[in-house]
Structures are given as C-alpha cells and as structure tokens.
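Undergrad: Before we start, here is the structure in question, set down as structure tokens.
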Amino acid sequence: MTKLREKIDLDQQMFTARNHLINSLQKTEQENRSKLDKRNCQVGEKDTLISQVNIELASKEEKSRNLFATLKFKQGGEAAGANPVAEGANIAGITIKKDIKRLKQT
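Using my numbering, read the sequence shown as starting at 15 and increasing by one per residue.
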C-alpha cells in the first residue's frame with residue numbers, strides 16, 4: 015500500500031511538472047506569435063513604403079526620359095551628357111535609388 019501511495023505521489027509530481035512545462039511553452043508560444051505578428055506588420059509597412067518609393071522612382075525616371083528627349087530634340091540631336099539639367103535629373107535618380115536601398119536594409 016505504501017508503494018502504491020509513493021507511486022501516486024510520484025505520478026502527481028510528474029503531472030504537475032508536465033502541466034507547468036505545458037503552460038510555460040504555451041505562454042512562450044503566445045509571446046512568439048505576438049512578436050511575429052508585430053514583425054509581419056512592420057514588414058508590411060516597409061513593403062508599402064518601398065512600393066511608394068518605387069512608384070515615385072518610376073515617375074522620376076519617366077520625367078528624366080522625357081527631359082532627355084526634349085533636350086536632345088532642342089539641341090538638334092546632340093548628346094545631352096554635358097548638360098547641367100540632365101546631370102541634375104541623373105543625380106535625383108541616383109538619390110532615389112540610394113533611398114530605396116537604405117529602406118530595404120532597415
């Protein structure tokens with residue numbers, strides 16, 4: 015009878031320990047899910063921002079192409095590489111590309 019009580023006590027201790035472990039794991043799982051949801055939200059926000067920057071970049075590139083075409087037409091077909099206005103548009107495009115790269119790294 016004593017051995018049976020010892021076995022019951024031991025089983026009860028094991029049950030309690032496993033119950034604590036399960037509760038701890040469930041709490042950790044919930045915390046990790048919460049962190050993951052937060053990160054997913056942040057990623058979504060950054061994706062949206064990157065998309066907006068890409069749209070802006072595409073618009074700037076289109077404006078640059080139009081500007082280069084206009085300059086080339088006005089210069090009678092000469093290359094516009096030395097033109098300060100064209101260089102300014104090129105610098106703006108490079109700046110936007112750097113901004114996109116920086117945003118993707120954050």
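Ideal placement from N, C-alpha and C gives every residue a C-beta, glycine not left out.
#1: Taking the alpha-carbon positions, what's the Lys74 to Ile110 distance?
#2: Do you know offhand how far Ile114's Cα is from Asn68's?
#3: What separation, rounded to the nearest whole angstrom, lies between the Cα atoms of Leu85 and Gly107?
#4: Pull up the distance between the alpha-carbon of Leu117 and that of Ile64, whole angstroms please.
#5: Could you have a look at Asp25 and say whether DSSP puts it in helix, strand or coil?
TA: Inspection of the coordinates gives the following:
#1: Here residue 74 refers to the residue found at position 60 when the sequence shown is read from its first residue. Here residue 110 refers to the residue found at position 96 when the sequence shown is read from its first residue. Cα to Cα, the separation comes out at about 9 Å.
#2: Stepping through the sequence shown from its first residue, residue 114 is reached at position 100. Stepping through the sequence shown from its first residue, residue 68 is reached at position 54. Cα to Cα, Ile114 sits roughly 8 Å from Asn68.
#3: Start at 1 with the first residue of the sequence shown, and residue 85 comes out as number 71. Start at 1 with the first residue of the sequence shown, and residue 107 comes out as number 93. Their backbone Cα atoms lie some 17 Å apart in a straight line.
#4: As a position in the sequence shown, residue 117 is number 103, starting the count at 1. As a position in the sequence shown, residue 64 is number 50, starting the count at 1. Roughly 7 Å between the two C-alpha positions.
#5: Stepping through the sequence shown from its first residue, residue 25 is reached at position 11. The answer is helix: DSSP assigns Asp25 an H, G or I state.
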